[in-house]
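Going line by line, the protein sequences match chains A and B. Just add 21 to the spot in the first sequence (first one is 1) and you have our numbering. Just add 21 to the spot in the second sequence (first one is 1) and you have our numbering.
2 protein chains.
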Amino acid sequence: MATVTIIGAGMMGSAMAYPARENGHTVRLVGTHLDREIIDTAAKTGRHIKFDRDFPEGISYHQIEDADELIKDSDVIVCGVSSFGVDWFLERIIPLIPEDVPVLSITKGLINDRGRLITYPDYWLEKSGRDLSLNAVGGPCISFDLVAHDQTSVTFCGKNIRTLEKLRDYFRTDYYHISVSEDVTGTETAVALKNGYALGIALTVGLNQKRLGIDSKLRYNSQAAIFGQSLKEMSKLLDYMGALNLESQAVGAGDLYVTVYGGRTRQIGILLGRGLNIDEAKEELKGQTLESLVIIERLADAVITNSARGILKREDFPLLMHINDILKNKAEVNIPWEKFTY
Amino acid sequence: MATVTIIGAGMMGSAMAYPARENGHTVRLVGTHLDREIIDTAAKTGRHIKFDRDFPEGISYHQIEDADELIKDSDVIVCGVSSFGVDWFLERIIPLIPEDVPVLSITKGLINDRGRLITYPDYWLEKSGRDLSLNAVGGPCISFDLVAHDQTSVTFCGKNIRTLEKLRDYFRTDYYHISVSEDVTGTETAVALKNGYALGIALTVGLNQKRLGIDSKLRYNSQAAIFGQSLKEMSKLLDYMGALNLESQAVGAGDLYVTVYGGRTRQIGILLGRGLNIDEAKEELKGQTLESLVIIERLADAVITNSARGILKREDFPLLMHINDILKNKAEVNIPWEKFTY
């Protein structure tokens with residue numbers, strides 16, 4: 022049996038405790054400085070404050086001060102922070118990890134370094150200068166559904182297949198199915214992209230609410246039209262990033278499908294579609310972190326920068342450009358449908 | 022202004038009357054022998070019995086006996102029959118069409134001729150021996166949403182771009198956006214495939230209803246996992262069929278997205294997932310035509326035939342094979358999740 026240390030007790034990090042513990046491994050859930058209440062509550066009640074189901078028996082719960090000791094004595098570190106915690110993880114946790122202990126990250130996003138988009142594993146490697154095994158999880162997975170033991174199919178990506186297979190053995194259950202892929206860039210890019218494009222689909226829901234009434238039934242033609250356009254733009258970005266295989270495209274499509282129905286990105290897209298500007302929409306959702314807004318800004322900046330350099334064509338990304346315009350310049354939602362035709 | 026004659030007054034055929042008439046064209050809606058009540062009602066009330074919105078003013082409604090006369094004097098014939106009407110259209114309508122009048126077909130499906138899959142336009146050309154311009158509509162479009170003027174984005178495919186552009190001019194509105202593509206095989210295959218695979222996604226909904234209760238909330242991880250697997254299998258079938266471009270893949274993905282939420286295919290998938298066998302599930306939906314079941318059988322037969330010939334590998338289609346097994350051999354639903362991993 023292995024020892025699994027999860028750093029970050031947000032929903033996705035915490036959900037990873039279920040398959041690991043159900044497989045009989047030693048599991049420690051370590052909160053960041055932002056997770057103190059989650060950890061206190063879990064220690065008392067055996068349940069995450071956001072979940073409607075208890076953790077499996079036998080998990081230990083820790084505040085961040087225990088991290089140094091626990092990390093030393095682990096077979097795998099799960100990075101469970103959001104994209105806002107990437108630098109915190111780099112500075113506070115990466116230095117503690119022994120080189121023979123692999124990391125499995127659930128953090129989704131990309132860094133934009135003056136037009137160059139970088140996955141988080143690559144960013145951590147570059148910045149830390151360390152030779153760690155940094156692996157990541159892609160593919161469609163909502164934490165609530167994983168906790169409910171809904172059948173879930175994800176991809177673990179990393180540079181070494183043997184390590185990935187070992188990680189797969191730790192986490193694989195009869196409801197958590199894991200593919201392994203050496204296409205880190207493709208998988209991680211696909212996963213980051215869908216976070217931005219899901220907002221585009223939600224815009225159509227809000228637009229119809231404005232036009233047909235807030236309680237009107239959901240319409241799917243417009244959602245599907247944006248879905249198709251999103252896949253086309255994602256495909257171009259995946260090519261640009263050097264995605265190695267078509268599996269990554271399917272990862273992105275599945276992930277987009279699931280994100281359309283997932284909480285905050287959908288909510289803000291609907292609010293924007295209804296006619297609120299970005300400040301008003303953020304105000305409605307106050308206190309919520311919105312990774313999708315950050316990734317859209319980074320993607321759009323990278324497209325614009327690389328378009329100026331002649332590497333990409335911004336005309337190939339009419340949906341992304343419009344979403345960026347809504348977020349950055351408070352442009353009115355006015356989806357450029359005819360630009361999507363060919 | 023043009024004269025548009027729609028043959029078949031099912032929902033999708035009838036929905037095409039909206040953009041055409043709103044553009045000011047002369048539109049005649051001609052029912053088949055199965056549509057007598059629809060035509061009688063529309064002539065009296067100005068509304069299709071299945072729609073919640075009136076037809077635009079000025080459409081004329083006709084029983085099939087008028088077809089001969091109307092077809093002669095048309096600029097375009099819209100084929101609005103379901104896949105069950107393909108041979109009827111071949112025998113009754115195709116011989117009446119002048120060679121300079123293009124056809125635009127909304128019929129979705131493929132014929133399986135001893136392992137060779139054929140699109141309907143090709144089937145009509147082969148069987149009739151006539152030199153007609155047979156074009157078709159692909160892409161995500163539910164008739165209800167089109168009638169509600171939801172933003173809709175489709176692809177008209179055919180062998181001649183000029184003809185397609187003319188057809189686009191007839192139908193394009195500020196809510197009905199049309200791409201044109203010479204990839205008839207790719208577009209029509211994508212559109213047919215999604216009809217089968219949508220059933221697979223619905224299976225997971227039924228399985229969760231069985232496991233978690235019939236009123237339990239929708240889970241998306243499992244739907245998204247099947248969505249991703251469907252795209253992979255569809256991509257292999259599109260390659261086999263000789264689809265010309267990646268646009269067709271996006272057409273299929275968008276179309277799959279919309280079909281998951283569309284009526285009958287979803288219903289039968291859910292019933293099967295809940296544990297009914299195919300006969301029991303059909304009994305529940307009696308009187309409903311189920312094109313998706315036919316296309317699954319044809320696809321699966323073609324895969325099995327071509328696998329025996331060494332042209333395809335049936336192991337590449339674990340989802341399709343399982344769905345076929347459920348339909349053909351009354352196999353219990355037991356999705357082979359681990360076969361989807363790589």
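The C-beta atom is built at its ideal place from N, Cα and C for all residues, glycine as well.
Neighbour flag for residue i against chain A, beta carbons, 8 Å
| i | result |
| --- | --- |
| Gly-296(B) | no |
| Ala-223(B) | no |
| Arg-74(B) | no |
| Ser-126(B) | no |
| Arg-285(B) | no |
| Ser-81(B) | no |
| Ala-264(B) | no |
Beta-carbon neighbours of residue i, restricted to chain B and to distances below 8 Å
| i | result |
| --- | --- |
| Glu-268(A) | Lys-253, Tyr-363 |
| Asn-242(A) | Pro-161, Cys-162, Ile-163, Asp-166, Leu-167, Asp-171, Gln-172, Thr-173, Ser-174, Val-279 |
Whole-number beta carbon distance between residue j and residue i, since they are thought to touch under 8 Å
| i | j | result |
| --- | --- | --- |
| Asn-298(A) | Lys-351(A) | 5 Å |
| Ser-313(A) | Ala-246(A) | Not confirmed; about 20 Å, so no contact. |
| Ile-59(A) | Gly-52(A) | 6 Å |
| Trp-145(B) | Leu-111(B) | 6 Å |
| Val-315(A) | Ser-104(A) | 6 Å |
| Ala-5(A) | Arg-319(A) | Lying outside 22 to 363, the shown extent of chain A, residue 5(A) is not represented and no answer is given. |
| Val-201(A) | Val-175(A) | Between Val-175(A) and Val-201(A) the Cβ distance is about 10 Å, and since that is not below 8 Å, they are no contact. |
| Lys-231(B) | Arg-151(B) | Their Cβ separation, rounded to whole angstroms, is 51 Å, which puts Lys-231(B) and Arg-151(B) out of contact at 8 Å. |
| Thr-180(B) | Glu-209(B) | Note on identity: in this sequence residue 180(B) is Lys, with Thr being the wrong assignment. At roughly 12 Å, the Cβ-Cβ gap does not stay under 8 Å, so Lys-180(B) and Glu-209(B) are not in contact. |
| Thr-206(B) | Ile-199(A) | Their Cβ separation, rounded to whole angstroms, is 35 Å, which puts Thr-206(B) and Ile-199(A) out of contact at 8 Å. |
Chain B within 8 Å of residue i, Cβ atoms only
| i | result |
| --- | --- |
| Ala-274(A) | yes |
| Asp-260(A) | no |
| His-198(A) | yes |
| Gln-172(A) | yes |
| Ser-35(A) | no |
| Ala-219(A) | no |
| Ser-104(A) | no |
| Ala-321(A) | no |
| Ala-245(A) | yes |
Interface residues of chain A facing residue i [CB-CB closer than 9 Å]
| i | result |
| --- | --- |
| Leu-185(B) | Neighbours of Leu-185(B) on chain A: none; closest Cβ ~11 Å, over 9 Å. |
| Leu-314(B) | Under the 9 Å cutoff, chain A gives no residues; its nearest Cβ is about 22 Å from Leu-314(B). |
Closer than 7 Å: residue i CB and nearest the ligand ADP heavy atom
| i | result |
| --- | --- |
| Ile-325(A) | The model on display carries no ligand, and the ligand ADP is accordingly not part of it. |
Beta-carbon neighbours of residue i, restricted to chain B and to distances below 7 Å
| i | result |
| --- | --- |
| Val-212(A) | Chain B residues near Val-212(A): none, gap ~12 Å exceeds 7 Å. |
| Trp-358(A) | Gln-172, Ser-174, His-198 |
Cross-chain neighbours of residue i in chain A, by beta carbon under 7 Å
| i | result |
| --- | --- |
| Ala-271(B) | Gly-249, Leu-252, Lys-253 |
| Ser-328(B) | The premise fails here: Ser-328(B) is roughly 21 Å from chain A at the closest Cβ pair, so nothing lies under 7 Å. |
| Tyr-282(B) | Tyr-241 |
Suppose only complete runs of 3+ residues qualify. What are the beta strand (DSSP E) ranges in the stretch 97 to 124 of chain A, listed by chain order?
As far as the stretch 97 to 124 of chain A is concerned, its whole beta strand (DSSP E) runs of at least 3 residues are 97 to 100.
At a CB distance below 9 Å, what residues from the stretch 131 to 158 of chain B approach chain A? Give them in sequence order.
Within the stretch 131 to 158 of chain B, no residue qualifies.
Contact residues within the stretch 225 to 236 of chain B, judged by C-beta distance below 9 Å to chain A:
If the cut-off is 9 Å between Cβ atoms, the stretch 225 to 236 of chain B has Thr-225, Leu-228, Asn-229, Arg-232, Leu-233 near chain A.
Inside the stretch 48 to 86 of chain A only - beta strand (DSSP E) runs reaching at least 3 residues:
81 to 83
Runs of 4 residues minimum, wholly inside the stretch 133 to 201 of chain A: which ones carry the alpha helix (DSSP H) assignment?
For the stretch 133 to 201 of chain A, whole alpha helix (DSSP H) runs of length 4 or above, ordered along the chain, are 141 to 149, 164 to 168, 182 to 192.
For the stretch 86 to 97 of chain B, list every residue whose C-beta sits within 8 Å of some C-beta in chain A, in sequence order.
none
Would you mind listing the alpha helix (DSSP H) stretches within the stretch 334 to 362 of chain B that are 4+ residues and don't spill past its ends, in chain order?
Runs of alpha helix (DSSP H) with 4 or more residues, each lying fully within the stretch 334 to 362 of chain B, are found at 339 to 350, listed in chain order.
Pick out the complete alpha helix (DSSP H) segments inside the stretch 196 to 278 of chain A, 4 residues or longer, and give them in chain order.
Qualifying alpha helix (DSSP H) stretches, in chain order: 205 to 233, 242 to 262.
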